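In the order they appear, the protein sequences are chains A, B and C. Here my numbering is used: position 52 in the first sequence is 52, and no number is missing along the way. To convert, take the position in the second sequence, counting from 1, and add 1000; that gives my numbering. To convert, take the position in the third sequence, counting from 1, and add 2000; that gives my numbering. Here the structure comes first, spelled out in structure tokens, and everything after it is commentary.
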Amino acid sequence: MKKLLFSFLAISLSLTSIIASGSKEVESSKESDGPIKVSMYYSDNATLPFKSDWLSINSAAEDSNLDIEWEIIPIADYSTKVSLALNTGTNAPDVILYQTTKGENANLALNGALVPISDYSDWTPNFNKMVEKFNMSEEVDQLQLKDGKRYYMPSLTDVPFYDGGLILREDLLDEYGLDAPKTFDDLYNVLKVFKENNPDSYPLTILAGPRVLYRMTMPSFGISVGKNSSSGTNTLSWDYTNKNYFEGAISEGYKEYITYFHKLYEEGLLDPEMAEPIDGDRWSQKLATGKSMASYAYYDQIGGLEAASNIEGYKLQMYPSLEGPAGAHHQPKSKTGSGIMFPIKTAQRDDFEQIVRAVDNMFFSEENSKAFCLGEEGVTYTTNSDGSITFTEKIVNAKEGIYKYLQLEYGCGSDVTQMVWVNQREMTKYDENYSAINKVVEDMGDVIQYIPPTPNFDDMQSEEAGMLQTPLSDTFERWNDAFLTGAKDINADWDEYVSTMKKLGIEKFCDLYNENL
Amino acid sequence: MKKLKKANKHQYWQLYAMMVLPLLYFIIFKYVPMFGNILAFRRYRPGMGPFGTEWVGLRYFKLFFKDAAFWTAFKNTLILSLLNLIINFPIPIIFALFLNEVRNRYFKKFVQTISYMPRFISTVVVIAIVSELLSPSTGILNIIRGKMGLDAIYYMNEPDYFRTIYVLLDTWQYTGWTAIIYLASITSISPDMYEAATIDGANRIQQIFYVTIPTILPTIMVMLILNIGRLLSLGFEKILLLYTPTNSQVSDILDTLVYRTGLANQNYSYATAIGLFTGIIGIILVTSSNSLSKKLTGQSIY
Amino acid sequence: MKTYKTRSTVLFDIIVNLFMIFTIISCLVPFIYIFALSLSSPEAIINNEVFFLPKGLNFEAYKSIFTYPNFFNAYKNTLIYTILGTLISLFLIVLFAYPLSKTYLKGNKVFMKIVVFSMFFTGGLIPNYLLISYLHLTNTRWAMLIPFAINPFNLILMINFFKSISNEIEEAALIDGLNYFGILWKIILPLSQAGLATVGLYTAVFFWNDWFNGLIYLKSSQFPVMLFLRNIVNGTSMVGDAAGAVDKATIGISIKGAVIIVTTLPIIAIYPFLQKYFVKGVMIGSVKG
């Protein structure tokens, strides 16, 4: 026992010295004339693990005279870390990436935890230029909070992509002599044929519970409700003609929608497994083994399945949005995305202006923003005489595909650091099939609608909205499940459902949103 | 004995001296942060100080007392915890007693090591495995049902099965882990006592009842009191993962309610109020079970 | 131990052993399954061909986690937190538990109430965070070690273990002229091996598995390996209600399996080593008898 204790003591002494040496390195950051030292929060996704030697971030940082101390935080816990830093004001970094001023951040901003970056627009010339170039000043102005100020620099997209949608087994369509579905009725017929030929299957399966299915299909019925609804309210939807909110969860559009999917469910065309803990793994298994032949998912996910499946002739294809009662629409997308914010503490630094200018240059300058998409000329690609680009041999032949390879090796195309997305430029990283589908969707017109505006609540109003939202959304989820599975009858029980939702204040909730737009 | 105690009273300062450091620890790291609980009575505004901006009295308590969802959640929490206590409190004891009866030393060691392994699998993985086993299309249980000509049951989405699944998962995850305490306690039983019992003609089952259980009873009682005190705290992450809209009528517990309310608008005050409420209930439970145990068995934790 | 071989004891033996075999199977199967997954090819997994034996045996998954930039550093951090954290914790717990096990000591009840009360009321996240910042512990490894040094539950266990040691030995020692520090060090601790092993194990497991405190108080270079595990296993499936990004990302099951194996095996492997401290306490017996 004594010997054991002694060796413990020895170990602990040596460990203590490690700790001591670890804490020393922080202090060596005294001022010098070199690059500006800033600390930055980065949201790390395990599928794309951050590497400090990524070409994209290093060349952009060097070009902007920045010496960045990265804080790499797992994506699942990113908001917790950011929230604590901003709520307490202690230990906040100089720059936070991948954030918006929705939800809690809006209150934090209004209460002075964030720099109102719109006040410093003189220092962000590159950002301003991009906004102008993409003709997005209206969208960017919508990000202002109640006080008329904007607290972050969003990422900018000129034309939103059609990155996911209906995915079907093309080889089966051919086998059964079916046309690609154009409407939801077509889809029903296709699934029906699939089921007839494979009675054991559930032709249409769902990814991550039904939420991907819901958010990608509801807009064609004129609604967007449930988890991940485009408005973030779970029960309200945006009326794109009248430009106001309405009670989507109790609307006729929803009734029609749930009637359709109940039909699929009842006839065994829709996978009943809706419990949410199951992630992509089971989904892949079902599709690869032919237990299911269709799904709503993302284009990125097709390739791996095709390569892995043992079924001969296995071919998946993504199709444009289907036509529903309200037209053919995809999940609404914003042209602005998560972006860069500065905690108020940063404004107290003497070199605040230089920091803002440097960050603006790093992420929004023409040259650097291109580098975040494509990498560096001469290293990852060469420009041809007609202005088009060719990626190097190594990249073109990468087995992960160009897009993924550029991400992993060079840090290009990461949602966190790439702030400028030019559709045409992005398409060079994908196969022709993907660009072709995107072209079709773009030509269809307003398939991808904008995300409804967020109302500007003050503290009290947002507390009230929150209190109304939770029970409404709980009740909706419960009824929705019951309608889908047939536990409740859509026609017979509809009135009871509507009156329950009204009792819970869905109309008041809606008014609260409309009054504060 | 009494005399001795008196004689050594002048040495007691040493015992108090030992406590200085740990007491400081308790004051600084456990009691100072408790001031944060005033948030239950004050409105918290993000970014405007940690202790809120103005007094709102019992506003947040009233809010949740008025809320039907709160009472459902409260009821669910209570039922699920009681069920869990009734089933999963005795099982580790029985397991430890049985394990102690395994005669082959190596087998015993092996079982002991294996049995505590489930404690280390992350909840997400546990749930993923379970939902695979119970899947209506590919799960083994439903395949067997299918062979018997029965309809598949979607266990994970049926309110009727939620409590069973939760409790059994806890049994599986924590039996071996909790049994360690009882095993360590059994260790302190002198072999002489078993020998004496054997001479008195007790068989092995009788030995369990007359030697082993009485000796580890203090440990059992302490664990029981602590468990009753923690009655309202359930495995939050596990429930969150098992939660579906359909089973929510039985699966929505206080923690998940706070989580959803909090997620919507980061309402720290509301969460603090509920935390305070469950804390008070916990204290009441532990105090009463402690004094009850003191009366009945003479065992108590203070 | 000698016992009469009656029919009932044989039956009892059978029941006991069957029970144990059932336990082994139910506890081991998931691990074998995960292990098999970690060694299988993604194609075999996706086609649902893996059950107990790896199919398409390969070590790619392990290779790929070892090439994750921060993996080894995080692993080193976790080892530091676990070893140092457990030592600090045991030190403080023993110092408190020993005097509290003396029920005759004045004020004992008050101290116990202080301990029990703290089990039910916590300050909440933000006050704790501010306290740690105020003490300048954030971004230092101490933030992982100090704030959670005493778990009241483990403390009460330890008190209970100390209580079960007979007072006679102690009194004899007092007469021999040892003071309380000497008794604790020379007599009580050697007799409390089972208790120390139990509480030590519980504490070590806590430090090994803790990721939340690491996340909020530390810099990313100081993160423990459990955050890494979490990011890979949960990051793509759980809670992430942020639309889009999370649903798109998929990590191979084999990699998840490999991460689980690599991060849980070491802590599981501690147990057999601690087990020797659970052998029958001969010393206690000798005094009592």
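Using N, Cα and C, we set each Cβ at its ideal position, and we do this for glycine too. This structure is a prediction, so every number in the text was calculated from the model and none was measured.
*For chain C, is any of its Cβ atoms less than 9 Å away from the one on Leu86(A)?*
Translated into the one-based positions of the first sequence, residue 86(A) becomes position 86. By this cut-off, Leu86(A) is not an interface position.
*Assign Ala2243(C) to one of three DSSP states: helix, strand, or coil.*
Numbered from 1 along the third sequence, position 243 holds the residue referred to as residue 2243(C). Only weak support is given to the placement of Ala2243(C): the predicted model assigns it a pLDDT of 38, under 50, and the question is left unresolved by the model.
*asked:* Is there a Cβ of chain C sitting closer than 9 Å to that of Glu1054(B), yes or no?
replied: The count along the second sequence starts at 1 and reaches residue 1054(B) at position 54. For Glu1054(B), the answer is no, since every Cβ of chain C falls outside 9 Å of its Cβ.
_Distance check for Lys429(A) and Glu409(A), CA to CA, integer angstroms please._
By 1-based counting over the first sequence, the position of residue 409(A) is 409. By 1-based counting over the first sequence, the position of residue 429(A) is 429. Their Cα atoms are separated by approximately 14 Å.
*asked:* Which residues does DSSP list as the beta-bridge partners of Phe246(A)?
replied: Mapped onto the first sequence, residue 246(A) falls at position 246. In the DSSP output, where bridge partners are listed per residue, Phe246(A) has Ser237(A).
_Bridge partners for Lys37(A) per DSSP, in chain order?_
As a first step, residue 37(A) is located in the first sequence; it is residue number 37 there, counting from the start. In DSSP, Lys37(A) forms a bridge with Asp67(A).
*Three or more C-beta pairs below 8 Å linking the stretch 176 to 186 of chain A and the stretch 320 to 330 of chain A*: Because the criterion of three Cβ pairs below 8 Å is met, the stretch 176 to 186 of chain A and the stretch 320 to 330 of chain A touch.
*Within 10 angstroms of the Cβ of Arg2141(C), are there 16 or more other Cβ atoms? Answer buried if so, exposed if not.*
For the purposes of this step, residue 2141(C) is identified with residue 141 of the third sequence, where counting begins at 1. Classification of Arg2141(C): buried, given that the 10 Å Cβ count is 16 or more.
_Amino acids of chain B, ordered along the chain, whose beta-carbon sits closer than 7 Å to that of Pro2147(C)_ = Within the third sequence, numbered from 1, the residue matching residue 2147(C) stands at position 147. Those are Phe1029, listed as they occur along chain B.
_Please classify Ala518(A) as buried or exposed, where buried requires at least 16 other C-beta atoms within 10 Å of its C-beta._
Since the first and last residues shown for chain A are 1 and 517, residue 518(A) lies out of range.
*Given 8 Å as the limit, is there contact between the stretch 442 to 453 of chain A and the stretch 87 to 100 of chain A, that is, 3 or more CB pairs closer than that?*
Counting Cβ pairs under 8 Å, fewer than three are found: no touch.
*Amino acids of chain B, ordered along the chain, whose beta-carbon sits closer than 9 Å to that of Ala113(A)*: The residue given as residue 113(A) occupies position 113 in the first sequence. The contacting residues are Pro1046, Gly1047, Met1048.
*Along the beta strand (DSSP E) that carries Pro154(A), what are the first and last residues, could you check?*
Walking along the first sequence from the start, residue 154(A) turns up at place 154. Here the beta strand (DSSP E) through Pro154(A) covers 153 to 157.
*Write down the C-beta distance between Ala358(A) and Ser64(A) rounded to the nearest angstrom, noting that I regard them as a contact closer than 8 Å.*
The residue you call residue 358(A) lines up with position 358 of the first sequence. The residue you call residue 64(A) lines up with position 64 of the first sequence. About 4 Å separates the two Cβ atoms, so the contact holds.
*Where does the unbroken alpha helix (DSSP H) through Met1223(B) begin, and where does it stop?*
The count along the second sequence starts at 1 and reaches residue 1223(B) at position 223. From DSSP, the alpha helix (DSSP H) with Met1223(B) extends over 1213 to 1229.
*For Pro2266(C), go through chain B and note every residue whose CB falls closer than 7 Å to its CB, in chain order.*
Sequence index remark: in the third sequence, residue 2266(C) carries index 266 (1-based). Those within 7 Å of Pro2266(C) in chain B number zero; the least Cβ separation is about 10 Å.
_Can you pull out the residues from the stretch 284 to 307 of chain A whose beta carbon lies closer than 7 Å to at least one beta carbon of chain B?_
Against chain B - using a Cβ distance shorter than 7 Å - the residues of the stretch 284 to 307 of chain A are Lys291.
*Contact with chain C by Phe1236(B), beta-carbon distance below 9 Å*: Looking up residue 1236(B) in the second sequence gives position 236. In terms of beta-carbon proximity, Phe1236(B) stays away from the interface with chain C, with every pair separated by 9 Å or more.
*Does the Cβ of Lys24(A) have 16 or more other Cβ atoms within 10 Å, making it buried, or fewer, making it exposed?*
Indexing the first sequence from 1 puts residue 24(A) at position 24. A caution first: Lys24(A) carries a pLDDT of 41, below 50, which makes its placement in the model unreliable, though a value can still be read off. By the neighbour-count rule (16 or more Cβ atoms within 10 Å), Lys24(A) is not buried but exposed.
*beta strand (DSSP E) segment containing Leu1183(B), residue limits*: Numbered from 1 along the second sequence, position 183 holds the residue referred to as residue 1183(B). Premise fails: Leu1183(B) lies in the alpha helix (DSSP H), 1159 to 1187, not in any beta strand (DSSP E).
_Buried versus exposed call for Arg1204(B) [16 or more other C-beta atoms within 10 Å across all chains shown]_ = Taking the second sequence and counting its residues from 1, one reaches residue 1204(B) at position 204. Buried, since its Cβ has 16 or more Cβ neighbours within 10 Å.
*asked:* Run through the DSSP bridge pairs and tell me what Met318(A) is partnered with.
replied: Working through the first sequence from its first residue, we reach residue 318(A) at position 318. DSSP lists Ile167(A) as partners of Met318(A).
*Quick one, which of Leu2191(C), Asp2210(C), Phe2223(C), Ala2269(C) has its alpha-carbon nearest Tyr2098(C)'s?*
Counting from one through the third sequence, the residue named residue 2098(C) turns up at place 98. Nearest option by C-alpha distance: Leu2191(C).
_Let me make sure I understand the geometry here. Which of Asp147(A), Trp479(A), Asn107(A), Gln461(A) has the alpha-carbon closest to that of Ser118(A)?_
Residue 118(A) sits at position 118 when you count from the first residue of the first sequence. Of the listed residues, the one whose Cα sits closest to Ser118(A) is Asp147(A).
*Please go through the same chain and pick out, in chain order, the residues whose beta-carbon is closer than 6 Å to the beta-carbon of Phe2228(C), but skip the five residues on each side of it.*
The sequence position of residue 2228(C) within the third sequence is 228, counting from 1. If we look at Phe2228(C) and ignore the five residues flanking it on each side, its Cβ neighbours are Ala2074.
_Minimum Cβ-Cβ distance from Pro1245(B) to chain A less than 9 Å_ = Numbered from its first residue, the second sequence carries residue 1245(B) at position 245. Chain A, which has a Cβ nearer than 9 Å to the Cβ of Pro1245(B), makes this yes.
*asked:* With the cut-off set at 9 Å, would you say Gly303(A) and Asp415(A) are in Cβ contact?
replied: Along the first sequence, read from residue 1 onward, the residue named residue 303(A) stands at position 303. Along the first sequence, read from residue 1 onward, the residue named residue 415(A) stands at position 415. Judged by beta-carbon spacing, Asp415(A) lies beyond the 9 Å limit of Gly303(A), meaning their Cβ atoms are not closer than that value.
*Which word fits Arg2230(C), buried or exposed, when buried means at least 16 other C-beta atoms lie within 10 angstroms of its C-beta?*
As a working mapping, residue 2230(C) is identified with position 230 in the third sequence. It is buried - the Cβ of Arg2230(C) has at least 16 other Cβ atoms within 10 Å.
_Using a Cβ-Cβ cutoff of 7 Å, what residues of the stretch 1115 to 1138 of chain B are near chain C? List them in chain order._
For chain C, the residues of the stretch 1115 to 1138 of chain B that bring a beta carbon within less than 7 Å of one of its beta carbons are Ser1115, Tyr1116, Met1117, Pro1118, Phe1120, Ile1121, Ser1122, Val1124, Val1125, Ile1129, in chain order.
_Considering just the uninterrupted stretch of the alpha helix (DSSP H) at Met2112(C), what are its terminal residues?_
Walking along the third sequence from the start, residue 2112(C) turns up at place 112. First-last of the alpha helix (DSSP H) with Met2112(C): 2108 to 2120.
*Just checking, does the stretch 137 to 152 of chain A make contact with the stretch 377 to 391 of chain A on the three C-beta pairs under 8 Å criterion?*
Because the criterion of three Cβ pairs below 8 Å is not met, the stretch 137 to 152 of chain A and the stretch 377 to 391 of chain A do not touch.
_Chain-order list of residues whose beta-carbon lies under 6 Å from that of Tyr1155(B) (same chain, five-residue window excluded)_ = Your numbering for residue 1155(B) matches position 155 in the second sequence. The beta carbon of Tyr1155(B) sits closer than 6 Å to the beta carbons of Leu1134, Tyr1161 from its chain, once the five residues preceding and following it are set aside; these are given in chain order.
_Just to confirm before moving on: does the CB-CB distance between Ser155(A) and Met419(A) stay below 9 Å?_
For the purposes of this step, residue 155(A) is identified with residue 155 of the first sequence, where counting begins at 1. For the purposes of this step, residue 419(A) is identified with residue 419 of the first sequence, where counting begins at 1. Yes, the Cβ-Cβ distance between Ser155(A) and Met419(A) is below 9 Å.
*Touching or not, the stretch 500 to 515 of chain A and the stretch 468 to 479 of chain A, by the rule of three or more beta carbon pairs under 8 Å?*
As far as the Cβ criterion goes, the stretch 500 to 515 of chain A touches the stretch 468 to 479 of chain A, which means the pair count is three or higher.
*asked:* Suppose the cutoff is 8 Å on Cβ atoms and the five residues either side in sequence are ignored; what does the same chain contact list for Met1117(B) look like?
replied: Counted from its first residue, the second sequence places residue 1117(B) at position 117. These residues qualify, in order along the chain: Gly1176.
*Have a look at Gly209(A) and Thr1187(B) and give me their C-alpha separation to the nearest angstrom.*
The sequence position of residue 209(A) within the first sequence is 209, counting from 1. The sequence position of residue 1187(B) within the second sequence is 187, counting from 1. Counting only the Cα atoms, Thr1187(B) lies some 49 Å from Gly209(A).
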